[in-house]
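S.K.: Sequential numbering of the sequence shown, starting at 13, is according to my numbering.
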Amino acid sequence: MIDHQLRTTKDRLAGPAARVITYRIGAGRLTLLSFCAGVGGGVAAGFGLRWQAVVLWLLGRVLDGLDGAVAREGGRQSDLGGYLDMMADTISYAAVPIGIATAQANIGTWSWCAVLLATFYANTMSWTFLAAIAEKRGVGAGATGERTTIHMPAGLVEGAETIVLFVLMLSFPDQATWWFAAMAGLVGITVIQRIVWAIRNLR
């Protein structure tokens, strides 16, 4: 919902760090580290290590925010980098709820975890296909001046909201069933938003 507004601020804050990191680590390694931290957060959650899970999750998101800035700073932004970054994010987003559900180990939590992951799947399809259509019609990221690899259609739940909701889930895993249900509902609304937009604007 607020990712577009935050992106400029994020790039400005990440700029100084990106200039230092560009020649020391590189964007690809940052993406790998972000992936390891994100999945590590899910694994920590699975073992009931809630605060370690929160730290790893947030570390992964910070690194994820840096890799694109580092790639742009070094003049090495690429479609492959954007693709690998998106794959790393998608797997990390699945690992955290699965880890939380593993620690809770009851059918109710697992059921809502499955519902949440199903809404993630539908949400991913809802925006990636719209992004593909935008590129096809020449109104994608390149045409609009966006700094991301592809156009990111706006929605109620985007990256910033996901970070906050996952921190709450990891911090209070005993209420995981309620967090999963609430987030599934919000993501479901996001999917409906994009479907309605598509019906009104695509022919």
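Glycine is no exception: its CB is placed at the ideal position from the N, C-alpha and C atoms.
Every value quoted in this text rests on a predicted model; they were computed, and no experiment measured them.
Closest by CA to aspartate 91, which one among Ala39, Phe59, Asn213 and Trp190?
M.R.: On the sequence shown, position 79 is the one that residue 91 refers to. Closest option to aspartate 91, Cα to Cα, is Ala39.
S.K.: In this structure, how does DSSP classify alanine 81 when only helix, strand and coil are distinguished?
M.R.: Against the sequence shown, residue 81 aligns to sequence position 69. Alanine 81 falls in the helix class under three-state DSSP.
S.K.: Indicate whether aspartate 97 and threonine 136 have their beta-carbon atoms separated by less than 9 Å.
M.R.: Residue 97 sits at position 85 when you count from the first residue of the sequence shown. Residue 136 sits at position 124 when you count from the first residue of the sequence shown. Cβ atoms of aspartate 97 and threonine 136: not closer than 9 Å.
S.K.: By the DSSP assignment, the alpha helix (DSSP H) with valine 127 in it spans what residues?
M.R.: The residue labelled residue 127 in the question sits at position 115 within the sequence shown. From DSSP, the alpha helix (DSSP H) with valine 127 extends over 119-148.
S.K.: Tell me the start and end of each unbroken beta strand (DSSP E) in the segment 158-210 that is at least 3 residues and wholly inside, in chain order.
M.R.: none
S.K.: Classify glutamine 64 as helix, strand or coil using the three-state DSSP reduction.
M.R.: Translated into positions along the sequence shown, residue 64 becomes position 52. If DSSP states are grouped into helix, strand and coil, glutamine 64 belongs with the helices.
S.K.: Going by other Cβ atoms of all chains shown within 10 Å of its Cβ, with 16 needed for buried, is phenylalanine 132 buried or exposed?
M.R.: Position 120 of the sequence shown holds residue 132. Buried.
S.K.: From the DSSP output, in three-state form, read off isoleucine 103 for me.
M.R.: As a working note, residue 103 is residue 91 in the sequence shown. Three-state DSSP puts isoleucine 103 in a helix.
S.K.: In terms of alpha-carbon separation, which member of Ile207, Ser46 and Ala56 lies closest to proline 109?
M.R.: Position 97 of the sequence shown, counting from 1, holds the residue named residue 109. The shortest Cα separation from proline 109 among Ile207, Ser46 and Ala56 belongs to Ala56.
S.K.: Could you compute how far the alpha carbon of alanine 193 sits from the alpha carbon of cysteine 125?
M.R.: By one-based count along the sequence shown, residue 193 stands at place 181. By one-based count along the sequence shown, residue 125 stands at place 113. Going from the Cα of alanine 193 to the Cα of cysteine 125 covers about 8 Å.
S.K.: For tyrosine 105, count the other beta carbons within 10 Å of its own beta carbon; 16 or more makes it buried, fewer makes it exposed. Which is it?
M.R.: If you number the sequence shown from 1, residue 105 lands on position 93. Burial call: buried.
S.K.: Taking the C-alpha atoms as reference points, what is the distance between glycine 93 and glycine 77?
M.R.: Within the sequence shown, residue 93 is the residue found at index 81, counting from 1. Within the sequence shown, residue 77 is the residue found at index 65, counting from 1. Each residue's Cα considered, the two are about 13 Å apart.
S.K.: If the criterion is Cβ atoms closer than 9 Å, does the pair alanine 107 and valine 51 meet it?
M.R.: For the purposes of this step, residue 107 is taken as the residue at position 95 of the sequence shown. For the purposes of this step, residue 51 is taken as the residue at position 39 of the sequence shown. Yes, the pair counts as a contact, with Cβ atoms nearer than the cut-off.
S.K.: From serine 183 to serine 46, what distance separates their C-alpha atoms?
M.R.: By one-based count along the sequence shown, residue 183 stands at place 171. By one-based count along the sequence shown, residue 46 stands at place 34. Answer to the nearest angstrom: the Cα atoms are 20 Å apart.
S.K.: Return the CA-CA distance between glycine 197 and serine 123, expressed in angstroms with no decimal places.
M.R.: As a working note, residue 197 is residue 185 in the sequence shown. As a working note, residue 123 is residue 111 in the sequence shown. Approximately 14 Å, taken between the alpha carbons.
S.K.: If you measure between the beta carbons of glycine 80 and threonine 189, is that distance less than 9 Å?
M.R.: Start at 1 with the first residue of the sequence shown, and residue 80 comes out as number 68. Start at 1 with the first residue of the sequence shown, and residue 189 comes out as number 177. Taking 9 Å as the Cβ cut-off, glycine 80 and threonine 189 do not qualify as a contacting pair.
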